[in-house]
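Chemist:
2 protein chains.
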Amino acid sequence: MIQKLTEHDRENLQESLATSGQKVTPQREIVFAVLLAKRDHPTVEDVFQRARESMPGLSLATVYNCLETFVGCGLVRQVNHERESTRYCPNLAPHAHFRDEATGHVHDIELPPEIIQSLRSILPAGFNSETIEISFRGRSQETAPRSTSN
Amino acid sequence: MIQKLTEHDRENLQESLATSGQKVTPQREIVFAVLLAKRDHPTVEDVFQRARESMPGLSLATVYNCLETFVGCGLVRQVNHERESTRYCPNLAPHAHFRDEATGHVHDIELPPEIIQSLRSILPAGFNSETIEISFRGRSQETAPRSTSN
DNA sequence: GGAATGAGTTGGAATGATTCCAATTTGCAA
DNA sequence: TTGCAAATTGGAATCATTCCAACTCATTCC
């Protein structure tokens, strides 16, 4: 069962939505809370299941809507690997992803600014990139599980 | 209309297939030729259309099969952006991709070995990656179109 | 107060890429 | 020539996602 948002998180949600002219709704609160509660890069279906524990009437379409809204106002990032279901991640710090082929788990990998800088520098003149996405694929010796409340 | 493979390319195809115990077939030749003829990161559907010009009876399922086979034996790479259709690319040199949001075109970006090295180095202990994928998203001032026969 | 407005939500239908499958076809090898 | 195994084929099935029309609910306006 998902706990409610902290003051701080609720404010964050409220402000981010407000700047793109949108409102906080019970559904959005729950979906956001779900994302913050367990940062394991859940799929839409995962979020749907977890959110339903707190709000049984919630519909899948709404989860899609909420997540799209959050991505739109910069609250969360989408993570895609190959053509698997899209996953969502509330970690806004620049980071890469590591996809463990054995478990399917996705780990955040911190991305030092120098690297980002040097990556930008390999773009030929005339190429302006807003986004860089870096993903590793391989095996990891699963360290301590990372799931945190924020 | 697609030209036939050069000696060299046919040999390459034949060898790569052979090492994973598979054979050259007319369909595979055509599909491979299509990939080499225009290196614009075609989707399966694109390949299907182009290949059909030379082999009208070719089926979509076969195109999927051929491409999967090629990926399996390392002849071509898959390129995914967000959840769009998978694209295919016969450029085996390590490179990143730049996806032009205006046109949808995908460009290869050369990837200096130092960068790959420094990327590998940011992985924490216990993470072994076989593959690194880097994709830029943004706008480019479309330079000379890159489509080549190989 | 009560109707009109509009954003947000909902369930189900529609879409689109990909995979699956059972029936053929093909090229060899016995 | 017979038989096999690999490839190919067309169509059905799957699955994530999008679309849509009806509904809810809070707010604004008379």
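From first to last, the protein sequence lines are chains A and B.
Each residue of the first sequence is one higher than the last, beginning at 1 in the numbering used here.
Each residue of the second sequence is one higher than the last, beginning at 151 in the numbering used here.
Where a beta carbon is used, it is the ideal one built from N, C-alpha and C, also for glycine.
All figures in this text were calculated on a predicted structure; none of them were measured in a lab.
1. Below 8 angstroms between beta carbons: does that hold for A:Cys-66 and A:Gln-27?
2. By a C-beta neighbour count over all protein chains shown, 10 Å radius and 16 as the cutoff for buried, is A:Glu-133 buried or exposed?
3. Does DSSP classify B:Ser-299 as helix, strand or coil?
4. For A:Asn-128, go through chain B and note every residue whose CB falls closer than 8 angstroms to its CB, in chain order.
5. With DSSP as the reference, identify every bridge partner of B:Asn-278, one or two as the case may be.
6. Under 8 angstroms Cβ-Cβ, which residues of chain B neighbour A:Ile-152?
7. Do we get a CB-CB distance below 8 angstroms when we pair A:Asn-91 with the residues of chain B?
8. How many whole angstroms separate the CB atoms of A:Asp-100 and A:Arg-139, which I take to be in contact at a CB cut-off of 8 angstroms?
9. For A:Leu-119, would you say it is in contact with chain B, using Cβ-to-Cβ distances shorter than 8 angstroms as the test?
10. Distance cutoff 8 angstroms, beta carbons only. Does B:Arg-233 sit that close to anything in chain A?
11. Taking B:Cys-239 as part of the beta strand (DSSP E), name the residues at either end of that continuous run.
12. Along the alpha helix (DSSP H) that carries A:Ala-93, what are the first and last residues, could you check?
13. Are the C-beta atoms of B:Leu-217 and some chain A residue less than 8 angstroms apart?
14. Enumerate, from N- to C-terminal direction, the unbroken alpha helix (DSSP H) stretches of 4 or more residues contained entirely within the segment 173 to 198 of chain B.
15. Quick check: the segment 249 to 268 of chain B against the segment 210 to 225 of chain B, are at least 3 beta-carbon pairs closer than 8 angstroms?
16. For A:Thr-19, collect the residues of the same chain with a Cβ closer than 7 angstroms to its Cβ; drop the 5 residues on either side in sequence, then sort them by chain order.
17. When you compare the CB positions of B:Glu-195 and B:Ser-235, do they come within less than 8 angstroms of one another, or not?
18. I want to see whether chain B comes within less than 8 angstroms of A:Phe-48, judged by CB atoms only; does it?
19. Using beta-carbon positions only, say whether A:Phe-98 and A:Ile-109 come within less than 8 angstroms of one another.
20. In chain B, which residues lie with their C-beta within 9 angstroms of the C-beta of A:Asn-80?
21. B:Asn-162 CB to nearest chain A CB: under 8 angstroms?
22. Would you list the one or two residues that DSSP bridges to A:His-107?
23. Mind pulling the chain A residues with CB within less than 7 angstroms of B:Leu-155?
24. Under 8 angstroms, Cβ to Cβ, is there at least one residue of chain B near A:Asn-111?
25. Along the segment 95 to 107 of chain A, what residues have a CB closer than 7 angstroms to any CB found in chain B?
26. Considering only the alpha carbon of each residue, which of A:Glu-68, A:Glu-15 and A:Gly-104 lies closest to A:Asn-31?
27. I think A:Ala-51 touches A:Val-76, with their Cβ atoms under 8 angstroms apart; what is that distance to the nearest whole Å?
28. Could you list which residues in chain A have their beta carbon closer than 7 angstroms to that of B:Ser-285, in chain order?
Modeler: With the given structure in hand:
1. Numbered from its first residue, the first sequence carries residue 66 of chain A at position 66. Numbered from its first residue, the first sequence carries residue 27 of chain A at position 27. Yes, the Cβ-Cβ distance between A:Cys-66 and A:Gln-27 is below 8 angstroms.
2. Counting from 1 along the first sequence, the entry for residue 133 of chain A is found at position 133. The residue is buried, with at least 16 neighbouring Cβ atoms inside 10 Å.
3. In the second sequence, residue 299 of chain B corresponds to position 149, counting from 1. Since pLDDT at B:Ser-299 reaches only 40, below the 50 mark, its modelled position is unreliable, and no value is offered.
4. On the first sequence, position 128 is the one that residue 128 of chain A refers to. Per Cβ cutoff of 8 angstroms: Gly-288, Arg-289 and Ser-290.
5. Looking up residue 278 of chain B in the second sequence gives position 128. DSSP, once it has assigned bridges, lists A:Arg-139 as partnering B:Asn-278.
6. Lying before the first or after the last residue shown, residue 152 of chain A is absent from chain A, which here runs from 1 to 150.
7. Against the first sequence, residue 91 of chain A aligns to sequence position 91. Output row for A:Asn-91: interface = no.
8. Position 100 of the first sequence holds residue 100 of chain A. Position 139 of the first sequence holds residue 139 of chain A. The pair is a contact, with the Cβ atoms about 6 angstroms apart (cut-off 8 angstroms).
9. One-based indexing of the first sequence puts residue 119 of chain A at position 119. Taking Cβ atoms only, chain B reaches closer than 8 angstroms to A:Leu-119, which makes this a yes.
10. The sequence position of residue 233 of chain B within the second sequence is 83, counting from 1. Cβ-Cβ to chain A under 8 angstroms: yes for B:Arg-233.
11. On the second sequence, position 89 is the one that residue 239 of chain B refers to. Segment 237 to 239, the beta strand (DSSP E) holding B:Cys-239.
12. Mapped onto the first sequence, residue 93 of chain A falls at position 93. Premise fails: A:Ala-93 is in no alpha helix (DSSP H) and is neither H nor E.
13. As a first step, residue 217 of chain B is located in the second sequence; it is residue number 67 there, counting from the start. It does not; no Cβ of chain A falls within 8 angstroms.
14. 176 to 187
15. no
16. The residue given as residue 19 of chain A occupies position 19 in the first sequence. Counting only Cβ-Cβ distances below 7 angstroms, and skipping sequence neighbours, we find Cys-73.
17. The sequence position of residue 195 of chain B within the second sequence is 45, counting from 1. The sequence position of residue 235 of chain B within the second sequence is 85, counting from 1. Yes. Within cutoff.
18. On the first sequence, position 48 is the one that residue 48 of chain A refers to. False, the Cβ-Cβ gap to chain B never drops below 8 angstroms.
19. Position 98 of the first sequence, counted from the start, is the residue given in the question as residue 98 of chain A. Position 109 of the first sequence, counted from the start, is the residue given in the question as residue 109 of chain A. Yes; because the gap between Cβ atoms is below 8 angstroms, this pair is in contact.
20. Numbered from its first residue, the first sequence carries residue 80 of chain A at position 80. Result: Asn-230, His-231, Glu-232 and Arg-233.
21. Residue 162 of chain B sits at position 12 when you count from the first residue of the second sequence. Not an interface residue.
22. Position 107 of the first sequence, counted from the first residue, corresponds to residue 107 of chain A. Answer by DSSP bridge pairing, in chain order: A:Phe-98.
23. The residue given as residue 155 of chain B occupies position 5 in the second sequence. Going along chain A, no residue has its Cβ under 7 angstroms from B:Leu-155, so there is no contact; the nearest lies around 28 angstroms.
24. By 1-based counting over the first sequence, the position of residue 111 of chain A is 111. Sequence inspection shows Leu at residue 111 of chain A; the Asn mentioned does not correspond to that position. Yes, A:Leu-111 counts as interfacial toward chain B.
25. Phe-98
26. Position 31 of the first sequence holds residue 31 of chain A. Checking the displayed sequence, the identity of residue 31 of chain A turns out to be Val instead of Asn. Checked all of A:Glu-68, A:Glu-15 and A:Gly-104; the closest Cα to A:Val-31 is A:Glu-68.
27. For the purposes of this step, residue 51 of chain A is taken as the residue at position 51 of the first sequence. For the purposes of this step, residue 76 of chain A is taken as the residue at position 76 of the first sequence. Actually they are not in contact, since the Cβ atoms of A:Ala-51 and A:Val-76 sit about 14 angstroms apart, beyond 8 angstroms.
28. Locating residue 285 of chain B in the second sequence gives position 135, where the first residue counts as 1. Residues of chain A passing the Cβ test: Glu-133.
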